[in-house]
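Residue numbers (UniProt numbering), protein chains in the order written: chain G, 1 to 168; chain L, 1 to 168.
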DNA sequence: AGCTATTGATAAAA
DNA sequence: TTTTATCAATAGCT
C-alpha cells in the first residue's frame, strides 16, 4: 500500500528499515486498539525493533502480565486437549506420558531448588545491576537493569557507587 | 476499508462482531508477520475474543515466554529511567526512595518466603487440576488446567481418578 | 516529519 | 465463505 508494491523480505537499507518499522508499528498498534473496541477483545502486543527499541500495547481492560498468565494457562489446556484429540485414551498413553512428565517435574524442581539455594546464599536477595546497551531504548547514557520483582537495595548501592553518586 | 466507513465502537450485533473479529485478527497477524520479516523485528501477540477464543503470534526467531521476560526487564529499565528523567538526582531522592524500595523488597521477600513455605508443606509440589469453563476454546467437555511449569503427577492422578480413568 | 499515488484491508452483500 | 466496492495504510519522495 504505497507508491509501489514491495516484496516481504528484509529491508536492507537501515534507514528505510527504520522508517518502515516506525510506520508499520503504529499501524499495528492502531489495529489492535480498533479490534479491542470494535470486538470487545483483549490484545497484548510486545515488540522489539532490530535495534532493540521496545514498544507494547495492551487493551485497557487488562494488563500484559495477566494476558501472559492467561496465555500460559490456555497453552497448557491446548497441550492437554491435543493429547485428548490424538485419540489415545489416558490408559494407553499414561505409562509413557507420566514418565515424561515426571522427568519434567524433576527438572523443574532442580531449578527451583538451585534458585532457592542461590537465594539463601545471598541472604534472600537476588537483585543485580549492570550497564547494558539497550539499543537506544532509553537515554544515551548508562541504563540500570534490575530484575523485575526483585528491587534490590544492594544493587542500587552498587549502581550509585559505580557512578560516583553519594548515598545518604 | 469496506463498503462503508464505520465508527470505532463496540459492534453490538454478535454475528457481525464475530466476523469482524475473525477478519481483523488475521489482518493483524499478517501485519505482524510482515513487520517481522521486513524489519527484522521480534513481535509477540496474545489475544482473546470476547467469547474467550485465544489466538497468538510470535516471531520465529523467539518465543512468547522470552518476549515476556524481555518485556519485564525493559519495563524495569523504563521505571528506572523515568525516575532519572524526573530530574531529581540520585543524591537527592535516594533517602526517601531507598526507604520505599526497601519496603517493596520486604514485601517481595514475604511473598517469596510464604510461597517457599507452601511448597515445603506440600512436599515441593504445587500443581493442581480443576474443571473450567474456557469459553469454547477447547472441546465442549471438561478441560484440565495445570499450572504452567508445574506439571504435576499427583494432579494428573487426581484428574484421572475424578474422571474414572484407570492409570497403570 | 508531511505528501500522494498505490496497494492492501475489509464492511457489506451474496 | 467468497466477492467486490470502498476506505485505510503506507512506499517512495521531499
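Glycine included, every Cβ here is placed at the ideal spot set by N, Cα and C.
Return the first residue and the last residue of the beta strand (DSSP E) that residue 42 of chain L is part of.
-> The count along the second chain starts at 1 and reaches residue 42 of chain L at position 42. Where residue 42 of chain L is concerned, the enclosing beta strand (DSSP E) stretches over 42-48.
Simplified DSSP state of residue 63 of chain L, which is helix, strand or coil = Locating residue 63 of chain L in the second chain gives position 63, where the first residue counts as 1. Coil.
Test item: CB-CB of residue 28 of chain G and residue 46 of chain G under 9 Å = Numbered from 1 along the first chain, position 28 holds the residue referred to as residue 28 of chain G. Numbered from 1 along the first chain, position 46 holds the residue referred to as residue 46 of chain G. Not closer than 9 Å, so no.
Whose CA, out of G/70, G/24, G/30, lies closest to the CA of residue 34 of chain L?
-> By one-based count along the second chain, residue 34 of chain L stands at place 34. When only C-alpha atoms are compared, the closest one is G/24.
Thinking just about the alpha-carbon of each residue, which of L/53, L/73, L/62 is nearest to the one in residue 74 of chain G?
-> The residue labelled residue 74 of chain G in the question sits at position 74 within the first chain. Nearest C-alpha to residue 74 of chain G: L/53.
Element boundaries [alpha helix (DSSP H), containing residue 169 of chain G] | Any property of residue 169 of chain G remains undetermined from this structure, which presents chain G solely from 1 to 168.
Beta-carbon contacts of residue 56 of chain L that lie in its chain and below 8 Å, excluding the five residues immediately before and after = Taking the second chain and counting its residues from 1, one reaches residue 56 of chain L at position 56. Around residue 56 of chain L: 44, 45, 46, 47, 64.
So what does DSSP say about residue 4 of chain G, is it helix, strand or coil?
-> Sequence index remark: in the first chain, residue 4 of chain G carries index 4 (1-based). Residue 4 of chain G falls in the coil class under three-state DSSP.
When you compare each of G/41, G/49, G/60, G/36 to residue 195 of chain L by their alpha carbons, which one comes out closest?
-> Residue numbering for chain L in the displayed model covers 1 to 168; residue 195 of chain L lies beyond these limits and cannot be assessed.
With 7 Å as the C-beta to C-beta threshold (strictly closer), list the residues of the segment 33-66 of chain L near chain G in chain order.
-> 34, 35, 37, 38, 39, 40, 41, 42, 43, 44, 45, 46, 47, 48, 49, 50, 54, 56, 64
Look at the alpha carbon of residue 68 of chain L and the alpha carbon of residue 14 of chain G, and state the distance between them as a whole number of angstroms.
-> Against the second chain, residue 68 of chain L aligns to sequence position 68. Against the first chain, residue 14 of chain G aligns to sequence position 14. The straight-line gap from Cα to Cα measures roughly 26 Å.
Note down, in chain order, every chain G residue with its Cβ under 8 Å from the Cβ of residue 27 of chain L.
-> By 1-based counting over the second chain, the position of residue 27 of chain L is 27. By Cβ distance, chain G contributes 31.
When the Cα atoms are used, what is the spatial distance from residue 39 of chain L to residue 51 of chain L?
-> Numbered from 1 along the second chain, position 39 holds the residue referred to as residue 39 of chain L. Numbered from 1 along the second chain, position 51 holds the residue referred to as residue 51 of chain L. Each residue's alpha carbon lies about 33 Å from the other.
So, using beta-carbon positions, are residue 10 of chain G and residue 19 of chain L closer together than 9 Å?
-> Sequence index remark: in the first chain, residue 10 of chain G carries index 10 (1-based). Sequence index remark: in the second chain, residue 19 of chain L carries index 19 (1-based). Taking 9 Å as the Cβ cut-off, residue 10 of chain G and residue 19 of chain L do not qualify as a contacting pair.
Using the C-alpha atoms, what's the distance from residue 5 of chain G back to residue 71 of chain L?
-> Stepping through the second chain from its first residue, residue 71 of chain L is reached at position 71. Stepping through the first chain from its first residue, residue 5 of chain G is reached at position 5. Rounded to the nearest angstrom, the two C-alpha atoms are 33 Å apart.
Which residues of chain L have a Cβ atom closer than 8 Å to the Cβ of residue 17 of chain G, listed in chain order?
-> One-based indexing of the first chain puts residue 17 of chain G at position 17. The answer, in chain order, is 38, 39, 40.
Between residue 12 of chain L and residue 26 of chain L, what straight-line distance do the alpha-carbon atoms span, to the nearest angstrom?
-> The count along the second chain starts at 1 and reaches residue 12 of chain L at position 12. The count along the second chain starts at 1 and reaches residue 26 of chain L at position 26. About 21 Å.
So, is residue 3 of chain G buried or exposed, given that buried needs 16 or more other C-beta atoms within 10 angstroms?
-> Residue 3 of chain G sits at position 3 when you count from the first residue of the first chain. By the neighbour-count rule (16 or more Cβ atoms within 10 Å), residue 3 of chain G is not buried but exposed.
For residue 24 of chain L, go through chain G and note every residue whose CB falls closer than 8 Å to its CB, in chain order.
-> Along the second chain, one-based indexing puts residue 24 of chain L at 24. Per Cβ cutoff of 8 Å: 31, 34, 35, 38, 39.
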